[in-house]
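Have a look at the structure below before the remarks.
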Amino acid sequence: MFQRQQSRTSFSIIYIILAAVAVIGITLFILKKDNSNTSETSETEKKSDSLRPDEWLDIAREYPNFEPSLKMKFAALTEAASMANQRGGGGFDAPWTVEGPYNIGARINTVKIHPTNPNIIYAGFAHGGVWKTTDGGQNWKPIFDKQTAQAIGDIELDPKNPEIVYVGTGDLNIGGYVFIGNGLYRSNDGGQTWQNIGLENQRIISKIIVHPTNSNIIYAATMGLPFQRNNERGLYKTTNGGQTWQQILFVSSQAGIIDLEMSPDNPNELFATSWDRIRTSKESTYYGENAKIWKTTNGGTNWQPLTNGLPTGKQGRIGLSQCTSQPNILYAVQVDTSSNLSAIYRSNDRGATWNPTAANPGDGGDPLGGFGWYFGHIEVNPNNPNDVFILGVDLWRTDDGGQSWFRASPDWWTYDVHADKHDLVFYGNGKILLATDGGLYRSTDNAENWEDIENIPTTQIYRVAINPHNPDFYYGGAQDNGTFGGNSTISQWDRIYGGDGFQAVFHPTDPNILYFETQNGNIVGTADGSFFDSGTSGIDDNDRRHWDMQYIISPHDPEVMYVGTQRIYASFGHLPNWYPVSDDLTDGLVFEPRFHTITTLDESPVEQNLLYVGTVDGNVWRGNPTTMAWQNITPGLPERYVSSVKASPNFANRVYVTHTGYRDNDFTPHLHRSDDRGATWKSVAGNLPNLAIYDVYILPGHQDSIIFTATDGGVFATLNGGKNWSRVGSNMPVVPVFDLTINPATNRLVAGTFARSIMTFPLDSVLNASVPTFSPTDFAKIELAVLPNLMTDRANILVKNLPASQPCEVFVADFSGKILVQKNFRRGEQPSFVFENQGLAAGVYFAFAKIGGKMTAAEKFVVGR
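Each residue of the sequence shown is one higher than the one before, starting from 516 at the first, in the numbering used here.
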């Protein structure tokens, strides 16, 4: 990839030079991507069924930089939180309303119950923060919302003082999304206040253990940053309450510590499991030679791998559990190289020897569903070493030490207990808590029956929609939780359609015509309001479809629909029968199919048949579906995943586009506007923090002055067309928001958060504020100047009209294209410097500026004798 970018940059320089020879001045061209390259892709990545439901979407968002960097992400999240606390008026101070759903749930990674008061429970979500109940689950409240890391790996209570709570951040199940943490937190008051006590660079804390008699001794198992191999992962120990940490077990630059047990009768005896896990967008390593069980008998000073009876060679994730009442007995669940359950092992002698149990759960299938890297939990009853649970897609149990197994919860597809189990806690006699992808469940009769004990609005929303025939309802499609509808007054939202839920579409005049969508573009529709049929007739089965395939009803003619695969299809009538109206609008199949699909499409509300399209691989197009004439309008835009393209609701020639993607030296919020249908582009990101933008919504009317953006750190808005931005609302945590719309009947902005369900904001508070008039001339063209243009000893080189929010690179090159000087300017810095003539030959030289990785301005100058 580096060579590909370098060659593209060199070619661009030469192109500028040649153009300068032919004409006075320089004409800039943005070059089409080199499609001759191919990528190395791991075997796992070639199998779409190996990806968890939310991975496909978010892997592609890193195109073309397949190894995302997080050096600046938490700094930007902190900035977003600061903007939320420093209100600038403009009507954005009003609170958000959490509409719901509450009952649908989301993934809980970890549960901790108070040792003497079982009514006090803590739940840690994959990205929804930490929630606490003091009444056994009747009521819950968030207690971690002021922190910038809302992905939770583990929660632990101090055995000597359970009011001291530890929270390890980062998602230990390591999917494709960047659910990374920023260290270990401690609360001395039951979660009211928090302090970060280190391990920020370890990124994922998978297990915390506090010494039973010395609270200053804490162990933290970490998986490290999964996007790169480094030596910071492993097991850490502090003996001074977190003031300093020592790495006491390091296995490999690609293997962290995923599980940890401390013997209940000997706190110096610990067992740890290591796991090879690297997860970039081009590599998914989930097994290796380093997957082992380790043991120490002296508090971590020395470790030895346990081998007697355990499998050798490459292995996958390992889960571990030790019986409290009989600590000689341990169980381990072992995942194989195909991400299936390999075997369950038991040791009766503190790990000296191991033997597989007589049987495995699964009814002849794999209880882990073929993605065992996502699971890894085994739990043994603290009072009965033969009573063991395996957590997978379903919950499996043995009461005879593994001689036989049976299901301990209803089949997942009934939704009585949600699929995908991640934590299990025993408390009291026959009482169990179970954490799943759809919330928290409790059994009080030894797993015979289960009840959902939380109504926590942490559902991860991909898309939101408004039904014009039922405007009091809000509809959303969610990760692993289908499509549903409701509002803040309804405690039990109905799941309307299953799978991974995406876009719901409603006919504007016929209430019986509506559409829902599941993963990989599986559209279903109904013309009578009840019977659903396939809505993909006519789409070529060989087309590349996005995980979140976009489709719309034309705002001009409700009988016309559009959908995007790698090309655009149109349909007349319902149910749709699609026919293509464009060729392939992506770069073709260069990398994996998922990197070359359409991500977004929109039709101008002002002019019929004026369509705009964006793709994973950074292309933006304007087209007419009736004439099938399409124009690539990418030049001037960053080569990034196009997350949203929206035609202005007020001006026929104006269009907006957003991109996402992080890399070193490019953390710009990518939001551009064109006033000439994409012929030229201007950044309107203003003072937005360095966070990915997923969607843009332009409020109809108001001359495009009022615009909203959905980002990794909440929702931001501008009253002056993008010159200045404020964070919207007084009570939304720093969480991702993927989708925005408005409810015209209630005049509320609707946000689909990927951590806190659906939230709405009153637009009356904005419209009642003083809204300035916006003028396109407020944004001047970025220019580069060399003064004097004919230099002898020195010249001043400066970039004019650069927004304060934009970092910039300025280069000087000779006629051959050789770079002589490179200057990097951070956000807010004035991009200017003095270029000295240090023995340069007389002739023509070139200065050019790059913003967001793209050449934006250039100037020729002459060095005289």
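We put the CB at the ideal spot given by N, CA and C, even for glycine.
Less than 8 Å separates the beta-carbon of Arg-912 from that of Ala-962. In the DSSP assignment, Leu-714 falls outside any alpha helix (DSSP H), carrying neither H nor E. In this structure the stretch 1321 to 1328 does not lie against the stretch 1268 to 1284, because fewer than three pairs of beta carbons, one per stretch, are closer than 8 Å. Taking one beta carbon from each stretch, the stretch 1153 to 1169 and the stretch 1119 to 1135 have 3 or more pairs nearer than 8 Å; the two touch. Taking C-alpha positions only, Gln-819 is separated from Ala-666 by approximately 32 Å. For Ala-858, the CB contacts under 7 Å within the same chain, skipping 5 residues up- and downstream, are Gln-849, Pro-871 and Asn-875 in chain order.
Proximity to Leu-1152 across Trp-646, Asn-1139 and Lys-1197 peaks at Lys-1197, based on C-alpha coordinates. Annotated three-state conformation of Gly-1079 is strand, per DSSP.
Here Trp-928 is exposed, its C-beta having fewer than 16 other C-beta atoms within 10 Å. Along the length of the stretch 875 to 927, whole alpha helix (DSSP H) runs at least 4 residues long do not occur. In this structure, Asn-1124 is the residue among Asn-1124, Ala-1162 and Pro-1164 with its C-alpha nearest to the C-alpha of Trp-1145.
Inter-residue distance for Gln-717 and His-937 is about 22 Å (C-alpha atoms, whole angstroms). About 24 Å separates the CB atoms of Phe-1017 and Asp-967; that is not less than 8 Å, and the two are not in contact. Exposed is the label assigned to Lys-656, since fewer than 16 other Cβ atoms lie within 10 Å of its Cβ.
Distance check between Trp-1240 and each of Val-1250, Pro-1204 and Phe-1253 places Pro-1204 closest, using alpha-carbon atoms only.
Boundaries of the beta strand (DSSP E) harbouring Val-1160: 1156 to 1162, taken from the DSSP string. Here Phe-1269 carries a coil assignment [DSSP, helix/strand/coil]. The C-alpha of Ser-1163 is placed about 11 Å away from the C-alpha of Ser-1220. Assigned with DSSP and collapsed to three states, Pro-1108 falls in helix. For Asp-1279, the secondary structure class from DSSP, reduced to helix, strand or coil, is helix.
In the three-state reduction of the DSSP assignment, Met-777 falls in the strand class, which pools E and B. Here Ala-664 is actually not in contact with Asn-688; their C-beta atoms are around 16 Å apart, not less than 8 Å. Bounds of the beta strand (DSSP E) holding Glu-1118 are 1113 to 1118. Taking the Cα positions, Glu-678 is about 27 Å away from Met-738. Here DSSP, grouped into helix, strand and coil, assigns Asp-1219 to helix. Of the candidates Leu-1186, Arg-1263 and Lys-1333, the residue whose Cα lies closest to the Cα of Thr-1175 is Leu-1186. Between the alpha carbons of Glu-1118 and Val-1096 lies a gap of roughly 14 Å. The beta carbons of Leu-845 and Ser-854 sit no closer together than 8 Å. Here the alpha carbon of Asn-729 sits roughly 28 Å from the alpha carbon of Asn-899. Contact between Trp-1008 and Gly-1014 does not hold, since the beta-carbon distance rounds to 16 Å and is not under 8 Å. Looking only at Asp-902, Gly-884, Gly-828 and Asn-1202, the smallest Cα-Cα distance to Asp-909 is reached by Gly-884. Separation of Val-725 and Asp-673 (C-alpha to C-alpha, rounded to the nearest whole angstrom) is 6 Å. Under the three-state reduction of DSSP output, Met-598 falls in the helix class. In the displayed model, Gln-1034 falls within a helix according to three-state DSSP.
For Lys-829 and Gln-918, the gap between their C-alpha atoms comes out near 27 Å. The beta carbons of Gly-1044 and Pro-1026 sit closer together than 8 Å.
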